[in-house]
Structures are given as C-alpha cells and as structure tokens.
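Going down the list, the protein sequences come from chains A and B.
Our numbering puts the first residue of the first sequence at 17, with every later residue one more than the last.
Our numbering puts the first residue of the second sequence at 345, with every later residue one more than the last.
Accompanying notes for the structure given below.
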Amino acid sequence: MASDIAVEIVLFARVRELCGNKGHISVQVADGGTPIECFEMLCERFPGVRKLRSTLVVAINEEYSDWDHVLCEGDVISFIPPVSGG
Amino acid sequence: MMSTRLFAIMEEPISATALVPLVADRASGAICTFEGTVRDHTGDQVTTCLEYEAFAEMAEAIFAQIAVAAGERSVIAGMAIHHRVGRLEVGEVSVAIAVAAEHRDAAFEACRFAIDQLKTSAPIWKKEFSTDGSHWVEGPTADRVRASTKVGRPGVLKEPVP
Chain A
17 MASDIAVEIV
27 LFARVRELCG
37 NKGHISVQVA
47 DGGTPIECFE
57 MLCERFPGVR
67 KLRSTLVVAI
77 NEEYSDWDHV
87 LCEGDVISFI
97 PPVSGG
Chain B
345 MMSTRLFAIM
355 EEPISATALV
365 PLVADRASGA
375 ICTFEGTVRD
385 HTGDQVTTCL
395 EYEAFAEMAE
405 AIFAQIAVAA
415 GERSVIAGMA
425 IHHRVGRLEV
435 GEVSVAIAVA
445 AEHRDAAFEA
455 CRFAIDQLKT
465 SAPIWKKEFS
475 TDGSHWVEGP
485 TADRVRASTK
495 VGRPGVLKEP
505 VP
C-alpha cells in the first residue's frame, strides 16, 4: 500500500497573495508525487493561482528543480514567480 | 548593525561601502562596487516606494553560486552581495555588490556579471507603488546561475579533468 508523504510548500510574492497570503502550506502527496500534484492541490484550494502556471519555476529545498522531480518526505517546495530583484 | 556575511538578504540599510572591507585584499589592485537604488519613476509613472520580498535562504545560496560562477569567468579575489528586503523609499539602496580583483578588467566584468545574474536567478521580487496603485514587477522567468562554458579563456580557475 502506497503511503503519503508530507511536504511543505513555501509561497512568495504574487503566488503568496493568490494563496490567501499564507507563507507556507503543508500538504500530503502520494509516494512518488511531484511538484505537479502539489501545484494541483494548491489550485484546488486557491483557483486564482492556476493562471500563473506557465510563468512559474519549481524550487525544491532551496534549489531550482523540475516539475516532474519525485518528492521525498519533508521536502520544501516553492513555485517561483518571475523574479525582479536588483 | 552591518552584516559581515558575504552574501546576505538584509532588512536593514545596506551599502557597497560596507562590503569593501569584506572583499579587500592586499594582493588586489581593483575593487569594483555597484549599488542599485530606488528610482522615482518607471516610464511615465511616478514611483512612491518599492517593497522587496525574498526567499532569503535560497537567494543567499544563489549569491554564493554567482560568486563561484564569476570566479570561473574572471580572476577575482572576492565578492560580496547584499540585497535589501522590506519597504524602500526613493533613493535607498536595494542591492550592493563589491568585487576585488588583481586587475580592473576582471573586477568590472565580474561585477557586471553578478548584477546581471542576480536579476535573472535570485528569488527576489519587488512590488512597485505608484500614485495609481501597486503591482508586482514581472522580470524574467527564474533561471539557474549560468557558469562559463568557455574553456581556456582567461579566468577559468580549473582545467577540465581529462
């Protein structure tokens, strides 16, 4: 039986504002889950964030990663909107 | 209180001057600094203030990666990068960079490389407040720090392993 794993989603800037201004959200994904499923969960709770999908880049544990990266228990995922530092 | 960390996201005011002692080196003949400041307009819009937000731990790690990548392109002795977060008024410093190198060409090149990379790679966002309201400034889609792939140009620290 596949068990769920707990991961944390941290949210910034426009993504944070579209997700109820929460800084982080804990979710459970099925073993073998990826940021794709995490984003889908986010969209179910906060439909407004879906429109940003094509502009977002995934970071896992503070490093840029890929949407299809298989997650591990305790991973910290972020969906990074277009950056504008400087 | 000034930070002595080379790569930092700061809530307090920052300056390039404060970074110089962190990179200064007796073997270096050049220190190049850059400060980005809050401009009072964008196009025809009057900017009243900016609010910066960062994924601090990741941004600091990216700053360190930028310094490594800069060192692979140019012969530099040291680099420091600070970026401010929170509300900034017109004229305040949002980003400060200092680079020390034996010679000026490398210092200029690495400083330019650092700010360009920061703008495309660091998870930092600014919200612009104008007389008409506020909006997130949408820069480039975030990208990884790009190291030099040009082998053999001056400044490549290590030869590729055969």
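Beta carbons: idealized from backbone N, C-alpha and C, even for Gly.
{"Check": "Contacting residues, own chain, Cβ-Cβ under 6 Å from Glu379(B) (five flanking each side not counted)", "Outcome": "Ala360, Val437, Ala440"}
{"Check": "Per-residue contacts from Ile96(A) into chain B (C-beta, under 8 Å)", "Outcome": "Phe399, Pro467, Ala486"}
{"Check": "Within chain A, the residues that Met508(B) reaches when beta carbons sit closer than 9 Å", "Outcome": "This structure does not reach residue 508(B), given that chain B is present from 345 up to 506, and the question cannot be answered."}
{"Check": "Outcome for Pro484(B) when other beta-carbon atoms lying within 10 angstroms are tallied against a minimum of 16", "Outcome": "exposed"}
{"Check": "Stretch pair the region 460 to 476 of chain B + the region 414 to 434 of chain B: three plus CB contacts closer than 8 Å", "Outcome": "yes"}
{"Check": "Own chain partners of Thr348(B) with C-beta closer than 8 Å, once the 5 adjacent residues on each side are dropped", "Outcome": "Leu366"}
{"Check": "Any C-beta of chain B under 9 Å from that of Ser42(A)", "Outcome": "no"}
{"Check": "Neighbourhood of Val511(B) by C-beta, 6 Å cutoff - its chain only, sequence neighbours within 5 removed", "Outcome": "The first residue shown for chain B is 345 and the last is 506, placing residue 511(B) beyond what the model contains."}
{"Check": "Reduced DSSP secondary structure (H/G/I, E/B, other) of Val99(A)", "Outcome": "coil"}
{"Check": "Cβ of Val45(A) within 9 Å of any chain B Cβ", "Outcome": "no"}
{"Check": "Met354(B) at chain A interface by Cβ criterion, 9 Å", "Outcome": "no"}
{"Check": "Span of the beta strand (DSSP E) around Lys67(A)", "Outcome": "That residue, Lys67(A), is in no beta strand (DSSP E); it is neither H nor E in DSSP."}
{"Check": "9 Å Cβ cutoff met for Leu68(A) and Pro97(A)", "Outcome": "yes"}
{"Check": "Buried/exposed call for Gln409(B), threshold 16 Cβ in 10 Å", "Outcome": "buried"}
{"Check": "Inter-residue spacing [alpha-carbon to alpha-carbon] between Gly64(A) and Glu33(A)", "Outcome": "10 Å"}
{"Check": "Per DSSP, cross-strand counterpart(s) of Thr386(B)", "Outcome": "Gln389(B)"}
{"Check": "Distance between beta carbons of Ala466(B) and Val99(A), contact taken as under 8 Å", "Outcome": "6 Å"}
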